[in-house]
Amino acid sequence: MRTLLPLLALFLLTGAQGQEPTQRPNLVVIMADDMGYSDIGCFGGEIATPHLDRLAANGVRLTQFYNTSRCCPTRAALLTGRYAQQAGIGWMTSEGAGRGQDLGYPGYTGELNRTSLTFAEVLASAGYRTLMAGKWHVGSFSGMWPMDRGFERYYGLIRGASNHFKPHPDKLLMEGRRPVAPGEDFYTSDSFTNAAISYVRESRERSEDPFALYLAFTAPHWPMHAPPEDIERYRGRYDTGWEPMRAGRFERMKELGVLHADSQLSPLDVKPWDETDPERREVLAHRMAIYAAMVDRLDQNVGRLVATLEELGVLDNTLILFFADNGGCAEGGLMGGSPDEMVGGREGYYLTYGKGWANASNTPFRMYKHWVHEGGIASPFIAHWPAGIESKGTIQREPCHLIDIAPTLYELAGARYPKNHGGNEIGGLEGVSLLPVLRGEALNRPSPIFFEHEGNRAVREGPWKLVSRHGQPWELYDLSSDRSETSDQAAGQPERVAKMTATYEAWATRCGVLPWQVKRREGFLPPEYPYPLTAPQLEKADGTRNR
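Under this note's numbering, residues 396 to 942 are what the sequence shown spells out, in order.
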């Protein structure tokens, strides 16, 4: 673990406005849920995200930042700085029969283990106030909740995807350790941000200690639900289909410098828009409008939080990190897995935006959430810290991963990562601090970056990436010239493939990764929402809840 000397030198060089040079920064970690690489404006998207764009313009964007391709493993890696299997969540959480389960192996227990520490536990020991709002999804039962794992304050959903207006009680909307009912005006992004703002204000009123806030949105994860005024802004915008959307984003990404000018757009992964059923195009376009509204609303809430930090006079010395837990979601197939009439979600409606729009969300990449090709694991990433980032609006292309977040926070906090805690021997960190990248320097990463989910596997070593889908041969790509993974080099480089395969297998053995033999459960409708739906439930919906 590095000392604080580089951090203090950074403060002295940059000159924090209105802050003492040695004052430790506040830490804010914001994560979107099921959001594609190109959805926000500063990464090429047409969706209005002015608040995130402002953070990017005054901070740093990382264009090669990776997640794990799925909700639960991403959260485990983020919280612990270790690979998900090491933390016990190599697949999903234990929520009862048929909905994620303990597979009977240390890396797949379905709950965050006690040999891994969360960044809340470590930062609390360093004197930080630890705050969380939003989706937990790394432990479903009492004793595994946020306040059991280092957070001082918590409001949000313990379990996974839920209705955004009226979460089902089974999803465990909690305040601290107490189940609460959603209010009449509940909407996930708004309500989580309300709690986050309240906790930050409370923290500043009670003490001058720095705070660490983890805000985990559930948007834009299905079901597609958004306030009507937000949907209206996007109504009709997607009537021309996914090809123009992909092409427009691809060009803007090159203009912004997110992609190199000679980058390639991966082939369209669905049928062309004009070959889809004409009677369904309006429904599909409206689903994308709802999705865009969800991203828009998320951005509005980021803006509210940033405005609060400004009001309190702490924005300059607050590090804000923003990223997504996995790539765009193709669950539900081309049509989004639900009847056409379900265009936006009253309380019982669960639908996705469909594979075509997910393909566009992940522009210019291949594949989706679940897979470890770039479309599943590449995330937009923004770091904003006026007191600590000297070069504003820069882009860095260093490969980075979620496991790097915790070490970054620990270096900034001057926190000691222990070898033992609560009678348990603690496993070591796998990531490295990202502070050199924020200063425009290269990382000294001692080992490659690894991925595995549901048998999909990859290893990233320098510019080279070895990747395969479950049960399929390895593919090899030089990402320095082929980030979209369109030209497989495996056949021409058998020695490199063999060497990288051995590296991957050694990692998999060390981290308890198992060959994937559990058939993934088909579908995604929670059992409390019957399917097919009854006739009254198929009443025409407009993308909002029934008020």
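In this text, a Cβ means the ideal position worked out from N, Cα and C, and glycines have one as well. Just so we're clear, the structure is a prediction, and the values are computed from it rather than from any experiment.
As a quick exercise: from the options, pick the residue whose alpha carbon is nearest that of residue i.
i: Arg544; options: His559, Pro615, Thr510 and Pro781; result: Thr510
i: Ala427; options: Asp657, Glu570 and His616; result: His616
i: Ala801; options: Leu474, Tyr500, Asp434 and Pro445; result: Leu474
i: Glu870; options: Arg761, Val595 and Arg554; result: Arg761
i: Tyr629; options: Arg601, Tyr609, Asp691 and Ala614; result: Asp691
i: Arg878; options: Arg599, Glu547 and Gln659; result: Gln659
i: Leu807; options: Gly505, Pro868 and Tyr523; result: Tyr523
i: Ala684; options: Arg599, Ser882 and Asp634; result: Asp634
i: Gly770; options: Tyr432, Asn558 and Arg456; result: Tyr432
i: Met542; options: Ser584, His848 and Tyr609; result: Tyr609
i: Ala719; options: Ala472, Gly887, Arg811 and Asn453; result: Ala472
i: Gly835; options: Val424, Val455, Thr671 and Val423; result: Val455
i: Thr588; options: Gln695, Met689 and Leu797; result: Gln695
i: Trp540; options: Val767, Phe717, Gly571 and Ala452; result: Gly571
i: Pro623; options: Trp637, Met569, Pro577 and His681; result: His681
i: Gly866; options: Glu880, Gly538 and Gly850; result: Gly850
i: Val517; options: Leu679, Gly631, Ala607 and Ala452; result: Ala607
i: Val908; options: Asp657, Ala853, Pro577 and Gly636; result: Ala853
i: Trp911; options: Glu847, Met730 and Gly631; result: Glu847
i: Arg811; options: His446, Asn453, Phe438 and Phe514; result: Phe514
Going by other Cβ atoms of all chains shown within 10 Å of its Cβ, with 16 needed for buried, is residue i buried or exposed?
i: Glu674; result: exposed
i: Ile592; result: buried
i: Pro564; result: exposed
i: Ala773; result: buried
i: Ser661; result: buried
i: Val533; result: buried
i: Lys787; result: exposed
i: Arg596; result: exposed
i: Ser586; result: buried
i: Asp625; result: buried
i: Gly529; result: buried
i: Lys561; result: buried
i: Gln418; result: exposed
i: Thr904; result: exposed
i: Gly485; result: buried
i: Gln791; result: buried
i: Asp604; result: exposed
i: Ser598; result: buried
i: Asn421; result: buried
i: Ser842; result: exposed
i: Asp429; result: buried
i: Pro889; result: exposed
i: Arg855; result: buried
i: Lys814; result: exposed
i: Gly502; result: buried
Leaving out the 5 sequence neighbours to the left and right, which residues in its chain are closer than 7 Å to residue i when beta-carbon positions are compared?
i: Glu627; result: none
i: Leu512; result: Thr475, His816 and Ile821
i: Asn508; result: Ala482 and Gly483
i: Val832; result: Leu457, Gln791, Glu793, Cys795 and Leu838
i: Val575; result: Leu568 and Met569
If I measure Cβ to Cβ from residue i and keep anything under 6 Å in the same chain, skipping five residues before and after, which residues do I get?
i: Asp580; result: none
i: Arg641; result: Ala755 and Thr758
i: Leu677; result: A small correction: the amino acid at residue 677 is Glu; Leu does not occupy that position in the sequence shown. Result list for Glu677: empty, nothing under 6 Å.
i: Tyr594; result: Leu526 and Arg548
i: Leu874; result: Pro858 and Lys860
i: Leu928; result: Per-residue confidence for Leu928 stands at a pLDDT of 27, beneath the threshold of 50, marking its modelled position as unreliable; the derived number appears in the next sentence. Result list for Leu928: empty, nothing under 6 Å.
i: Ala519; result: Thr525 and Gly545
i: Gly722; result: Gly431, Asn757, Tyr763, Lys764, Gly770 and Gly771
i: Ala885; result: Trp869, Glu870, Leu871 and Val892
i: Thr444; result: Ile435, Gly436 and Asp694
i: Phe845; result: Val854 and Trp902
i: Lys914; result: A caution first: Lys914 carries a pLDDT of 42, below 50, which makes its placement in the model unreliable, though a value can still be read off. Around Lys914: no qualifying Cβ.
What does a CB cutoff of less than 8 Å around residue i pick up in its chain, not counting 5 residues either side in sequence?
i: Thr488; result: Cys467, Gly495, Gly505, Glu506, His532, Val533, Gly534, Ser535, Arg554 and Gly555
(message) Tell me whether the stretch 819–837 and the stretch 470–486 touch, counting them as touching only if at least three CB pairs, one residue from each stretch, are closer than 8 Å.
(response) yes
(message) For the pair the stretch 645–658 and the stretch 460–468, tell me if three or more CB-CB distances fall below 8 Å.
(response) no
(request) Any chance you could list the beta strand (DSSP E) runs of at least 3 consecutive residues sitting entirely within the stretch 520–549, in chain order? (result) 524–529
(request) Evaluate the contact criterion for the stretch 660–668 versus the stretch 780–797: three or more CB pairs, one atom per stretch, below 8 Å. (result) no
(message) Runs of 4 residues minimum, wholly inside the stretch 616–704: which ones carry the alpha helix (DSSP H) assignment?
(response) 623–627 and 637–651
(message) Ignoring anything shorter than 4 residues, give me the alpha helix (DSSP H) runs that lie fully in the stretch 844–918, in order along the chain.
(response) 889–906
(request) Note down, one range per segment and in chain order, each alpha helix (DSSP H) of at least 4 residues found wholly within the stretch 454–510. (result) 466–475
(message) List, from N- to C-terminal side, the beta strand (DSSP E) runs of 3 residues or more that fit wholly inside the stretch 738–780.
(response) 773–779
(request) Quick one: which unbroken alpha helix (DSSP H) runs of 4-plus residues sit fully inside the stretch 787–832? Chain order, please. (result) 800–808
(message) Going residue by residue through the stretch 568–594, where are the continuous beta strand (DSSP E) segments of at least 3 residues, counting only ones entirely within it?
(response) 568–570
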